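Student:
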Ligand code: PGA
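Residue numbers (this note's numbering): -11 to 238.
What follows is the structure in structure tokens.
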């Protein structure tokens, strides 16, 4: 059976002190969540060290939100994969639409980042998703297929087995608009089909998360879909009660 995952992407929110409190609240409430659901939180880089202390020995996993596309050296302001893994994080979100859109991340850069993360033992939570105008033009399947092929098709099966995919329609992120369960299921199934073209049966084992205004009130319907294996949660991950409220929807 595929792993169920609920991951919280805190983005550029909370101070270190607030983040530590939020992590503590998530850990405290995590007992309510079914044991087969993996919980992950992705605070800003600056919080990783103290938050790692909070989640150590608990069921809550730790993720970074990005990493550098080089191993080390003269890259002012960047954070390398071994700096992330050295703090006890096991995951890294890569290719989030905000990185693609505001920081010019391309598929070529993402291939580098995904490979470096994997080589360091981190599991990338690899994000894909179409923009509003692309969906309106009926190009959503084409766009996500290209994103998958351009990056994930560069991996070996062994590497692919460590990837978590997150489908996040850009028009649904932080907008309050959610893809309907039908829209999400349809595209998740398509993503799995595309993965199967290259990776065969392994595609059945890859967790594909939905992201985009997921909240306690809509999580149940989304998670009930056969190809939706969890969620990547933004806004609702900033309140432990809402984050856990989503995770108990399985
Ligand atoms: P949202 O963000 O839940 O606030 O829409 C999701 C994400 O960008 O990961």
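Where is the CB? At the ideal position from N, CA and C, for every residue including glycine.
These numbers were taken from a predicted model, which means no experiment stands behind them.
Assuming residue 28 and residue -4 are in contact, meaning their beta carbons sit under 8 angstroms apart, how far apart are those beta carbons, in whole angstroms?
Tutor: Residue 28 to residue -4, Cβ: 7 angstroms. Contact.
Student: Have a look at 172, 171, 169 and 192 and flag the residue whose alpha-carbon is nearest the alpha-carbon of residue 180.
Tutor: The residue with the shortest Cα to Cα distance from residue 180 is 192.
Student: Do residue 201 and residue 164 have their C-beta atoms closer together than 7 angstroms?
Tutor: Against a cut-off of 7 angstroms, the Cβ pair of residue 164 and residue 201 comes out as a contact.
Student: Taking DSSP as the reference, what is the three-state secondary structure of residue 74?
Tutor: Residue 74: coil per DSSP, three-state reduction.
Student: Distance, Cα to Cα, residue 15 vs residue 157?
Tutor: One C-alpha to the other measures close to 29 angstroms.
Student: Under 7 angstroms Cβ to Cβ from residue 187, same chain only, skipping five residues before and after it: list those, please.
Tutor: Excluding positions up to five away in sequence, the list reads 145 and 148.
Student: With respect to 6 angstroms, is the separation between the Cβ of residue 205 and the closest non-hydrogen atom of ligand 1 below this value?
Tutor: Not so, every heavy atom of ligand 1 lies at least 6 angstroms from the Cβ.
Student: Could you check how far apart the C-beta atoms of residue 80 and residue 142 are, in whole angstroms? I think they sit under 8 angstroms.
Tutor: Actually they do not touch by this definition, with Cβ atoms about 17 angstroms apart.
Student: Can you give the Cα-Cα distance for residue 109 and residue 78, rounded to whole angstroms?
Tutor: Answer to the nearest angstrom: the Cα atoms are 7 angstroms apart.
Student: In chain order, which continuous runs of the beta strand (DSSP E) of length 3 or greater are located wholly inside the region 2 to 30?
Tutor: List check, beta strand (DSSP E) in window: 25 to 30.
Student: Could you tell me the distance, in whole angstroms, from the CA atom of residue 155 to the CA atom of residue 123?
Tutor: Looking at the two C-alpha atoms, the distance is approximately 13 angstroms.
Student: Kindly list the residues whose CB is nearer than 6 angstroms to the CB of residue 182, restricted to its own chain and excluding five residues on each side of it in sequence; keep chain order.
Tutor: So the list reads 133 and 136, once near-sequence residues are dropped.
Student: Taking the C-alpha atoms as reference points, what is the distance between residue 94 and residue 130?
Tutor: Approximately 17 angstroms, taken between the alpha carbons.
Student: Residues in its own chain within less than 8 angstroms of residue 63 by CB, not counting five upstream and five downstream?
Tutor: Cβ within range, chain order: 56.
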